[in-house]
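There are 2 protein chains.
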Amino acid sequence: MSDTTQQENQLQDRLQTFSTVLQRGTLQQLRLMVNGLYPAEIAHLLESLPREKRTFVWELVDPDLQGDVLLDVNDDIRENLIQQMETSELLAASEGLEVDDLADFIQDLPDTVMQLVLQSMGTQDRHRLERVLSYPEDTAGGMMNTDTITVRPNNTIDVVLRYLRRSRTDIPVMTDYLYVVDRRNHYLGRIALTDLLTREPGIQIGELMDPEQHAIHADMSDTDVAALFEQRDLVSAPVVNDENELLGRITIDDVVDVIRDEAEHSLMSMAGLSEEDDMFAPVIASTRRRALWLGVNLITALLASWVIGLFDATIEKLVALAILMPIVASMGGIAGSQTLTIVIRGMALGQIGGSNAGRLIIKELAVGMLNGMLWAVVVAFVAIAWFQDYQLGIIIGAAIIINLVTAALAGATIPLVLKKIGADPALGGGVVLTTITDVIGFMTFLGLAALFLV
Amino acid sequence: MSDTTQQENQLQDRLQTFSTVLQRGTLQQLRLMVNGLYPAEIAHLLESLPREKRTFVWELVDPDLQGDVLLDVNDDIRENLIQQMETSELLAASEGLEVDDLADFIQDLPDTVMQLVLQSMGTQDRHRLERVLSYPEDTAGGMMNTDTITVRPNNTIDVVLRYLRRSRTDIPVMTDYLYVVDRRNHYLGRIALTDLLTREPGIQIGELMDPEQHAIHADMSDTDVAALFEQRDLVSAPVVNDENELLGRITIDDVVDVIRDEAEHSLMSMAGLSEEDDMFAPVIASTRRRALWLGVNLITALLASWVIGLFDATIEKLVALAILMPIVASMGGIAGSQTLTIVIRGMALGQIGGSNAGRLIIKELAVGMLNGMLWAVVVAFVAIAWFQDYQLGIIIGAAIIINLVTAALAGATIPLVLKKIGADPALGGGVVLTTITDVIGFMTFLGLAALFLV
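Chains as they are written, first to last, in this note's numbering: chain U, 1 to 454; chain H, 1001 to 1454.
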């Protein structure tokens, strides 16, 4: 898909230039350079910097940019930067944020600062903020902004245009549609900005509006919202409550963040990591986080060792078993992780459910069986050539077939089971899988050897 | 971040409903249901269906939707569906596609059909298509559409509005800015649609336009384009050539596809898979694809076995070594894969380059050393308790420290080296890593035992 040798060029060039200025340039050059970037670019830069340089650069960021930058860095870094900031700086950073962003931001602030921010707001803004805060962060209600422009169906285009012209600084970015509501703020439909430009001024909004595009319910999950935006190529969409009252709107920029996080979540979770971790977190903090995962893995590794221990007498008699047994485990682990990855991704995309899970498991079992037979023959020949022992070859071949079929079954069912019990399908799937492929691999190989060989 | 137990509800509900209709409903119900969906929704559905159901549903899709659906399914399925289609169906599907989409589509068609499509186009459209086709698919030039609306700096708002009103069906979706060009089509700046709505009709475009937003060069890679859109919250952006001539524009919907593909690419590549694979590909095709990866893994597993084989006499004397050795390898594998995942993701985001790679490697080594010491103590105690052998405990502890430090070094440097030699940093990193942690793990543990214990 993408040519990786050139893909990061632009971003890395910037990182490089910045790094040079950081080392050799004057403070003034650095300040100009940093504040000439977009907030998300500053955030990206901060994430790329080791901690002490990060603190230094952060001090140079203009106070009126700091709020937006804080929203764009990952959770880990935001928490850390907020801790370093004075109350007055935090208040300054919160000013000028949009309501949806402020709702995310305020929850990370110390309680006292949060109270101050709320007090400094006007009644209407506070009311709006409270409405967004009443929904969880990962729902449409938590993602929405309250900057909608509404019109009535009996307004003419002319009236709307005059209204917009009077309040001209107030058309928010990413406004591609105005929303049509009745007198009690119930959502009726939407009208394209381009229609206002091109249609006759005397036409009533009601005649032009598109009532087909349903509003998003505030309770919809953020991943569902993202799927909707992706599949319908939306730039913005209205959000309503149970009574169909218009609460606000969601824009594509917030949806892109969800898509990015979601796709990275699978990648990071499979290694027991979080997408919100700071690459340059202090060594102690990183060690502690990763230790947990290593501890879980140790327990499963001990289980595998215990299985091997059951056959110590067998191994003592035929040391070739110890030499070959990692091959059986390793082939099972790789085959299983392929199935696991496919299923985790399919589930994240909402493409695997009760109606097709059975079919997928059967297909994966068939692939496992075929690849098992293929590699059983290859490994059997290698074993026979190496140790001049036909029976050993047959036994390792049989163990590989059994382990690859088990791996397919485990890889396909583990995420489904994890989801059923309410856990994250991506988290821990890999560790459970290798436990199974190790245990079954060692058990069948050594067990068959104990029965038939020694 | 997201609550996975509920996150796929909406998509899965639809899949479920659809599945029920597929089994029990009439053909007419099914046809209505399918063609009531957006093209991307039909594509999503097709990807979720086993092959024979997919072919059946595909036959029901309206011919004028088929082109857009084909663009949204993954490469594997597109190829397969195109093979099943008649020339006349393919011609019908290509009609009504936008130029950027047609450029993607036409490259998958058989040569004879491609010629027919080109012949059926008007000269101007063919000329536009050829312009898009002259850039690689993964560059701004290949992503762009040619549906730009351009204005001149000396036009007044009034003139522009009259022009738009006359050609009212022609404002393309996701038009948030018009582009300002000189008489020779050189890009000068952009003007917001909302400005046209709210500013005085007599003002000249030149006074209002934003010359700061630079156009994207047609050679920019798609990932750089995506980063730009993400960081600057763009909905659309102009594309120019070396001479600063306006060629077309890129819209956020195409960028979202790049972001999604890119994030999934890391996940799938690490397991030796491709994000374009069909979940329900035929068993033989899937077996063949995955066999390659298993073959690579077998070679590395044999290398590890060969290392164990060097110490067969040692193992024969002390079978506890065979029982414990997978623990050393496994802990190294997990620790290394955590570092590897962090580095691969950081590189995909363009956050790791020459200026901070050194710092990151040092940090990862420190984390590896600390976790190595922590788990060395734990595993040593377990080994001593199990086998009543103090020396064995010390040796396995030492091997774990060495292997976790090696794992950190390997995990951090493998993707950087892969990139340097022009390979995909995500592809194969996992296999190379486990080879290293297995070989080093077995080598140090068995080697130390051979030296000091037996």
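A virtual CB, placed ideally from N, CA and C, is assigned to each residue, including glycine.
Which class does residue i belong to by DSSP, given the choice of helix, strand or coil?
i: residue 1250 of chain H; result: strand
i: residue 215 of chain U; result: coil
i: residue 230 of chain U; result: helix
i: residue 162 of chain U; result: helix
i: residue 23 of chain U; result: helix
i: residue 177 of chain U; result: strand
i: residue 204 of chain U; result: strand
i: residue 1245 of chain H; result: strand
i: residue 1263 of chain H; result: helix
i: residue 319 of chain U; result: coil
i: residue 237 of chain U; result: strand
i: residue 1035 of chain H; result: helix
i: residue 1133 of chain H; result: helix
i: residue 2 of chain U; result: Caution applies to residue 2 of chain U, whose pLDDT of 39 falls short of 50 and renders its modelled position unreliable; the model cannot decide the point.
i: residue 1222 of chain H; result: helix
Starting from residue i, follow the beta strand (DSSP E) in both directions and report where the run begins and ends.
i: residue 190 of chain U; result: 187-192
When you compare the CB of residue i with every CB in chain H, is at least one pair closer than 9 angstroms?
i: residue 141 of chain U; result: no
i: residue 67 of chain U; result: no
i: residue 243 of chain U; result: no
i: residue 438 of chain U; result: yes
i: residue 105 of chain U; result: no
i: residue 214 of chain U; result: no
i: residue 174 of chain U; result: yes
i: residue 82 of chain U; result: no
i: residue 151 of chain U; result: no
By how many angstroms is the C-alpha of residue j removed from the C-alpha of residue i?
i: residue 1289 of chain H; j: residue 174 of chain U; result: 43 angstroms
i: residue 1373 of chain H; j: residue 79 of chain U; result: 29 angstroms
i: residue 1455 of chain H; j: residue 1251 of chain H; result: What is shown of chain H runs 1001 to 1454, which leaves residue 1455 of chain H out entirely.
i: residue 141 of chain U; j: residue 229 of chain U; result: 15 angstroms
i: residue 15 of chain U; j: residue 145 of chain U; result: 32 angstroms
i: residue 1327 of chain H; j: residue 1428 of chain H; result: 23 angstroms
i: residue 398 of chain U; j: residue 1437 of chain H; result: 27 angstroms
i: residue 45 of chain U; j: residue 1351 of chain H; result: 8 angstroms
i: residue 1120 of chain H; j: residue 1092 of chain H; result: 11 angstroms
i: residue 1006 of chain H; j: residue 1013 of chain H; result: The pLDDT assigned to residue 1006 of chain H is 39, lower than 50, so where the model puts this residue is not dependable, and the model offers no usable value.
i: residue 1026 of chain H; j: residue 1032 of chain H; result: 10 angstroms
i: residue 279 of chain U; j: residue 1116 of chain H; result: 53 angstroms
i: residue 366 of chain U; j: residue 268 of chain U; result: 29 angstroms
Would you mind reading off the limits of the alpha helix (DSSP H) that contains residue i?
i: residue 48 of chain U; result: 39-48
i: residue 1088 of chain H; result: 1087-1094
i: residue 1360 of chain H; result: 1357-1387
i: residue 63 of chain U; result: 63-72
i: residue 286 of chain U; result: 283-310
i: residue 1446 of chain H; result: 1429-1452
i: residue 1105 of chain H; result: 1099-1106
i: residue 415 of chain U; result: 390-420
i: residue 1272 of chain H; result: Unbroken run through residue 1272 of chain H: none, as it is neither H nor E.
Given a cut-off of 9 angstroms on the beta-carbon distance, is the pair residue i and residue j in contact?
i: residue 1305 of chain H; j: residue 297 of chain U; result: no
i: residue 1307 of chain H; j: residue 1442 of chain H; result: yes
i: residue 73 of chain U; j: residue 43 of chain U; result: yes
i: residue 254 of chain U; j: residue 100 of chain U; result: yes
i: residue 264 of chain U; j: residue 1345 of chain H; result: yes
i: residue 1211 of chain H; j: residue 1188 of chain H; result: yes
i: residue 1152 of chain H; j: residue 1082 of chain H; result: no
i: residue 323 of chain U; j: residue 1447 of chain H; result: no
Would you say residue i faces chain U, with C-beta separation under 9 angstroms as the test?
i: residue 1260 of chain H; result: yes
i: residue 1247 of chain H; result: no
i: residue 1050 of chain H; result: yes
i: residue 1319 of chain H; result: yes
i: residue 1325 of chain H; result: yes
i: residue 1038 of chain H; result: yes
i: residue 1312 of chain H; result: yes
i: residue 1429 of chain H; result: no
i: residue 1359 of chain H; result: yes
i: residue 1450 of chain H; result: no
i: residue 1098 of chain H; result: no
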